[in-house]
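In what follows, a structure is listed as structure tokens, so that the remarks can point back to it.
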Amino acid sequence: MGDGNFKWYAAGGKDPERYAIVEDTREAAIQAARNDELDGEYYNGFTIVEADKAVAGIPDADRFLEMFFEQNEELGDADGDGFGADYSGTREQEKELTADLARVFSNWMNKHKLWPDTWQFGTQRNEEYFPPAVKSVA
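Residue numbers for the sequence shown, in our numbering: 33 to 170.
Below, the structure is given as structure tokens:
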């Protein structure tokens, strides 16, 4: 899932692992990549892609409850068998907890400006490869 803020990215080669150029328009990304190609940066052509950034995920109720009961398993172990208390919440209760946790966690992250600056793409579209326009001199 992405943040919906699509930009155009460009990088050298046919299947780049990292994109160094970020532009608002397709034309600007192509021009920036062509400039780098003329400077000798991209000798294998370049690839452009329209993409948005990935959004950090928030743990859901299942994950939170698993950690909670694991951390406190000996406190609720009435049988003494080492398995702790059994959780038997409904699906609706888990959905409610997931929504509440997401709201509280997001508010806290926003308040303290702690969201990570993601570099990974959430959604990619319109990828296009441009073969070398400049022939290398050997």
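Using N, Cα and C, we set each Cβ at its ideal position, and we do this for glycine too.
The model shown is predicted, which means the values in this text are computed figures rather than measured ones.
- Remark: C-beta atoms of Ile90 and Ile62 do not approach each other more closely than 8 Å.
- Around Asp56, the same chain offers Lys39, Trp40 as residues with beta carbons nearer than 8 Å, after the five sequence neighbours per side are excluded.
- Listed in chain order, the non-local C-beta contacts of Pro163 below 8 Å within the same chain comprise Gly77, local neighbours out to five positions each way being set aside.
- Taking 8 Å as the cut-off, the Cβ atoms of Thr150 and Ala86 count as close.
- By the CB criterion at 8 Å, Phe153 and Gly34 fall inside the cutoff.
- By the CB criterion at 8 Å, Gln156 and Ala88 fall outside the cutoff.
- Residue range 123 to 144 is occupied by the alpha helix (DSSP H) that includes Arg135.
- With respect to Glu126, Ala93 sits close: the two C-beta atoms are nearer than 8 Å.
- Contact between Lys46 and Tyr119 fails: their C-beta atoms lie close to 50 Å from each other, not under 8 Å.
- Annotation: the continuous beta strand (DSSP E) that includes Phe162 extends over 153 to 162.
- Ala43 is positioned such that its CB atom lies closer than 8 Å to that of Ala52.
- DSSP, reduced to helix, strand and coil, places Ala165 outside both helices and strands of the structure shown, so it counts as coil.
- The beta carbons of Phe96 and Leu133 sit closer together than 8 Å.
- DSSP places Ile80 within a strand segment (E or B) once states are collapsed to three.
- The beta-carbon separation of Ala165 and Arg66, rounded to 7 Å, stays under the 8 Å limit for a contact.
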